[in-house]
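Going by full-length UniProt numbering, the sequence shown opens with residue 1, and the numbers climb by one from there. Where a beta carbon is used, it is the ideal one built from N, C-alpha and C, also for glycine. Given the structure is predicted, the values throughout are model-derived calculations rather than measurements. Have a look at the structure below before the remarks.
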Amino acid sequence: MDRILEKYERYSFAERQLVATEPQSPNLEQQLDIALKSIRSRKNQLLYDSISELQQKIKEKEQEMGQQAQLWDQQNHGPSAPPPPQQPQPQFLMSPQFPGLNMGGVYEGEAMEARRNELDLTLDSLYSCHLGCFAT
């Protein structure tokens, strides 16, 4: 919109320049500058007003959401005090390894029997079945 107004003002100025006499041209330029400044200031004021309205709406929505969250907590957890916030676990720590799921090698000197779970993960039983069951 600003570009359109500037083009309109340029064309209007050019037309007036052709019609006007020499002494009127500085006065017209001054009037155009004043008009441009007033248009820009109105535009900036409208932008600032809309930004402040949007910020106010954001604050209202945040307050509304906070009230809804409190209401939800009261409905789901009763009138008791709010639970303490949980501390996030650092991600740089590795998860513990479960001995029953570790299938390769001895883990820190553990005995083989202590690590074995209920499943027999060796190929011995499959191999013996293959030799005896499918023989012709």
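Considering only the alpha carbon of each residue, which of the options lies closest to residue i?
| i | options | result |
| --- | --- | --- |
| Leu36 | Gln67, Ala69, Glu9 | Glu9 |
| Ile4 | Leu71, Arg40, His77, Gln31 | Arg40 |
| Ser38 | Trp72, His77, Glu6, Glu53 | Glu6 |
| Asp33 | Phe13, Ile58, Ile51, Gln67 | Phe13 |
With a cut-off of 8 Å on the beta carbons, I'd call residue i and residue j a contact; round off their distance for me.
| i | j | result |
| --- | --- | --- |
| Arg16 | Leu28 | 6 Å |
Using a Cβ-Cβ cut-off of 7 Å (strictly less than) and excluding sequence neighbours within five positions of residue i, which residues of its own chain qualify?
| i | result |
| --- | --- |
| Asn44 | none |
Looking only at its own chain, which residues have a Cβ that is under 6 Å from the Cβ of residue i, when we skip the five neighbours before and after it?
| i | result |
| --- | --- |
| Leu46 | none |
| Glu60 | none |
Unbroken stretches of the beta strand (DSSP E), 3 residues or longer, contained in the segment 37 to 62 | Counting whole runs of 3 or more residues, the segment 37 to 62 contains no beta strand (DSSP E) stretch at all.
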